[in-house]
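Line order of the protein sequences matches chains A and B. The opening position of the first sequence corresponds to residue 1362 in the working numbering, with each subsequent residue numbered one higher. The opening position of the second sequence corresponds to residue 223 in the working numbering, with each subsequent residue numbered one higher. To start, the structure under review is shown below, and the notes come after it.
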Amino acid sequence: MTSLKVNVSGLRLKNPSMVASGIMDETGDSMIKMMESGAGAVVTKSIGLEPKDGHGNPTLVELDYGYINAMGLPNPGIDAFGEEMEVAVRAGVTVIGSIFASCEGDFSLLAGRMEDMGAAAVELNLSCPHASGYGMEMGIDPVVVKAIVASVKDSVRVPVFAKLTPNTHRLMDIGNSVQEAGGDAVVAINTLKAMAISPESARPILRNRFGGLSGPAVKPVGVRAVFDLYSVLDIPIIGVGGITSWRDAVEYIMAGASAFQVGSAIGHKGVQVFGEICDGMLAFMRDYGYSSIHDMTGVAHE
Amino acid sequence: MNEPVMIKRIRRESSDVVSLFFDWDAEAAPGQFVMVCIPGLDEVPMSLSTIGPEKSISIKAIGETTRFLHTMGEGDRISVRGPYGRGFRPDGRILIVGGGVGMAAMMPLLRSTGADLIIGARKEDELVFLSECREYTKNVWVSTDDGSVGFHGNAVQLMNQVLDEGSYDMVAACGPEVMLYYLHQACMERGLECQLSLERFMKCGVGLCGSCVVDGQRVCAEGPVFDSATLEKLKEFGKFKRDVAGRRVRL
């Protein structure tokens, strides 16, 4: 019997697909819509202690093979987000609470709040490339990452995932830091720091000047990152970056991912992308004799 | 894809609305919108008020960005991306209702269908597109809140009178959300299909960020035009919107 069910460090999902953080996950009703579209879980927009407007528009550049965004971590703050979580959790959505902060104490505080609100796991944003003082600015230092993950692990019982940045040559060191601190999984990759310039106006298009590149353009980078991490880590890896079709998802799994997230494809393929990916993957697994995602994880290393 | 375009001509539509015309060969359908970027300042969603090879946007000066657009001249450049969203799906005999500058979003549908039309405004000098509309349709009714011209009252009150006398298969409308809310109520009571164009604060414009959602519906992707069946299920329609940080606030 071929099955798409997965267990990622105790987080049991009906299928390995998740909505990536920042995509259609800021409100309770949005999360319900994504779960109804077939996602196995929904990662929330990254939530901080206080409400944050994010950067001014333009916040997005559309390219042939992806997007560059510089949203700047807009979010309603953890207090106001409580009502959104209540709506989603009551409706049965498996919510992974994404959080960002500028110190380990605040990360722990936010993780505890997310757990209290019913999050099935927390995802630490150690990788946003376009918000000063947050995300990637902390996530490129293995010592800082280790301290944050250890602190959060001490404060919650739900699984703790760390989302990593590809904008470093020390990816494997950072992955090891997460594992040594007791982290339950790594999520790789966040967006690649990027810029687009308008020749006519002779200036960067984004208000923030630079942003993060996502979509099909970054998929080979993500697959390589997951492959590298799998070669050094024992904890599960959640693959993310440019997944648009079942073939992309299978690439990530064969590189070493136990589950995967989809973001940009929700824009250009629509919300039905989760069903399409899962159906296609199941048919492939039947044809090629893989009975579970676990069977297929990391086979490209053999 | 960001496309630089040059403003070819400018037309003043009313005391506080101007249209900017530019050549842009993108395919567009009635009711779709574009993200308009003023380099170095802002990017905002705007309905297309003309959708041929020559396109236009029509702007009411409300905030910093729209006031800046009012200062632009022929030969100035802006950048546009889109068109985005789902527009109107006309079916049968249509009654179009446009409130205030919301009439801009209705112009392409009016030109392609020649449907009967109600234009509402607060007062006479805020009526937009009236003489142009008369080129495309025989039946135009006008309402003003202060009674300075036409029916003395709002566009929904006038619509109820028109619907009592005529036979229509659907109503298509754009305007202030409070008008759309009561318009939808009136159509539901009559069992009449309506398609309404909604507006929300928007960031990405392409269905990713979720900042423009009404309940779980993205105004930029499932909308901006929603049909009766969808509107009926929306708890936030006519009542709540999201601020720039994503907090739910009263309309």
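We treat Cβ as the ideally placed atom computed from N, Cα and C, and that holds for glycine. Computed from a predicted model, the values in this text were never measured in an experiment.
Residues of chain A whose Cβ lies closer than 8 Å to the Cβ of G262/B are, in chain order, S1562, R1564.
For N1430/A, the residues of chain B that pass the 8 Å Cβ criterion are C426, L430, C431, in the order they occur in the chain.
Taken in chain order, the complete beta strand (DSSP E) segments of 3 or more residues contained in the stretch 1538 to 1606 of chain A are 1546 to 1549, 1553 to 1556, 1571 to 1575, 1598 to 1601.
Residues of the stretch 1597 to 1626 of chain A with a C-beta atom less than 9 Å from some C-beta of chain B are G1624, S1625, listed in chain order. Closest in C-alpha terms to V350/B, from the list N376/B, G322/B, T359/B, comes G322/B. Per DSSP, the unbroken beta strand (DSSP E) holding T366/B starts and ends at 362 to 366. Within its own chain, the residues whose Cβ lies closer than 8 Å to the Cβ of F423/B, once the five positions on either side in sequence are excluded, are S433, C434, K463, R464, D465, V466, listed in chain order. Nearest Cα to N361/B within the set D368/B, D347/B, A377/B, L339/B: L339/B. DSSP, read as helix, strand or coil, puts F448/B in strand. Taken in chain order, the unbroken stretches of alpha helix (DSSP H) that lie wholly in the stretch 274 to 303 of chain B and span 4 residues or more are 286 to 292.
In this structure, the alpha-carbon of D1467/A lies about 17 Å from that of V1504/A. For G1443/A, the enclosing alpha helix (DSSP H) starts and ends at 1438 to 1451. Per DSSP, reduced to three states, the secondary structure at G342/B is strand.
Annotated three-state conformation of F310/B is coil, per DSSP. Pairing E458/B with D437/B, the inter-Cα distance amounts to about 6 Å. The DSSP-derived three-state label of H1416/A is coil. Using a Cβ distance threshold of 7 Å, G1399/A and F1635/A count as a contacting pair. Within chain B, the residues whose beta carbon sits less than 8 Å from that of L1421/A are K425, C426, G427, V428, L430, C431, listed in sequence order. The beta carbon of R412/B sits closer than 7 Å to those of L385, all from its chain and outside the five residues before and after it, given in chain order.
With a contact defined as Cβ atoms closer than 8 Å, N1486/A and S1512/A miss out at about 15 Å. S269/B is bridged by DSSP to F255/B. Nearest neighbour of P226/B by Cα position, chosen from A1441/A, R1564/A, M1657/A, turns out to be R1564/A.
Burial is judged here by how many other beta carbons sit within 10 angstroms of a residue's own beta carbon; C431/B has at least 16 and is buried. The stretch 1530 to 1549 of chain A makes contact with the stretch 1589 to 1605 of chain A; the number of CB pairs closer than 8 Å reaches 3 or more. DSSP places A1482/A in the uninterrupted beta strand (DSSP E) bounded by 1482 to 1486.
Under a 10 Å Cβ-count criterion, Y1649/A is classified as exposed, with fewer than 16 other Cβ atoms of the shown protein chains found around its own Cβ.
Looking at V1611/A, K1630/A, E1541/A, the one whose alpha-carbon comes closest to that of V1593/A is E1541/A.
With at least 16 other beta carbons inside 10 angstroms of its own, P252/B counts as buried.
Within the same chain, Cβ atoms closer than 7 Å to the Cβ of P1435/A are found at K1413, D1414, G1415, the five residues on either side in sequence being excluded. The C-beta of V435/B comes closer than 7 Å to at least one C-beta of chain A. The stretch 390 to 398 of chain B and the stretch 1374 to 1387 of chain A do not touch, with fewer than three beta-carbon pairs separated by less than 8 Å. The contact set of S1391/A on chain B, defined by CB atoms closer than 7 Å, consists of G432, V435, G438 in chain order. Within the stretch 288 to 308 of chain B, the residues whose Cβ lies closer than 9 Å to some Cβ of chain A are R299, S301, R303, listed in chain order.
The beta carbons of E276/B and F243/B sit closer together than 7 Å. When secondary structure is reduced to three states using DSSP, C416/B falls in the strand class.
Note that the C-beta distance between I260/B and I229/B is not below 7 Å.
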